[in-house]
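Asks: Once you've had a glance at the structure underneath, I'll fire off some questions.
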Amino acid sequence: MVHAHRIAQSAADLAALAAASAPEAGCDAAAGAAEASLQTYIATQRRIGRDIREVRVGDYRSRWGSCAPDGTLAFSWRLVMAPDWVLDYVVAHEVAHLAHMDHSPAFWAVVARLVPDYPRHRRWLAANGAGLHAWQVR
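Encoded structure:
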């Protein structure tokens, strides 16, 4: 299970990166979004009965998140600029990889159980993701 100090550190890292790149969004808003999304990891992992080893937040330019076989989840800091419901989907998507390390029908069934309207979230990312990926850390 993810330890509280790792969650706090990941939230702080995410807020700092977002504030440095998008100061007009405000550090408080970024910190709040980070904390809420990181709490979602805990609730979601419990729903599928898998443990998260570590959560990392970084400046990933080509993907929104990833899940390593050891249970380490990584997320792009740019997700704090997406709607909360999109962030919830990305978290659920990566947590579902804890159960299935592929994009098989079984994997998508877990995603659908966690986020029943996930196709809407995927459409939002397809339509708006390039704009978020364009942000750079100064």
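So for the sequence shown, this note's numbering puts the first residue at 4; every next one is plus one. The beta-carbon is built from N, C-alpha and C at its ideal position, and this holds for glycine as well.
Please report the distance separating the alpha-carbon of residue 121 from that of residue 92.
Replies: When rounded, the distance between both Cα atoms is 6 Å.
Asks: Tell me which residue opens and which closes the beta strand (DSSP E) that residue 60 is part of.
Replies: Per DSSP, residue 60 is one residue of the beta strand (DSSP E) stretching across 57-61.
Asks: Using a Cβ-Cβ cutoff of less than 6 Å, which residues in the same chain neighbour residue 109 once the five nearest sequence positions on both sides are dropped?
Replies: 103
Asks: Using CA coordinates, which residue listed in 58, 77, 56 is at the minimum distance from residue 66?
Replies: 77
Asks: Look at the alpha carbon of residue 61 and the alpha carbon of residue 138, and state the distance between them as a whole number of angstroms.
Replies: The alpha-carbon atoms of residue 61 and residue 138 are separated by roughly 13 Å.
Asks: Just verifying my parser: in three-state terms, what is the DSSP assignment at residue 77?
Replies: When DSSP states are grouped into helix, strand and coil, residue 77 belongs to the strand group.
Asks: Are the Cβ atoms of residue 59 and residue 75 separated by less than 8 Å?
Replies: yes
Asks: How many Å lie between residue 70 and residue 55 at the Cα?
Replies: 9 Å
Asks: Can you tell me whether residue 107 is buried or exposed, with buried defined as 16 or more other CB within 10 angstroms of its CB?
Replies: exposed
Asks: Exposed or buried, what is residue 85 when buried is set at 16 or more other beta-carbons lying within 10 Å of its beta-carbon?
Replies: Only buried fits residue 85, as 16 or more other CB atoms lie within 10 angstroms of its CB.
Asks: From what residue to what residue does the beta strand (DSSP E) around residue 68 run?
Replies: 68-70
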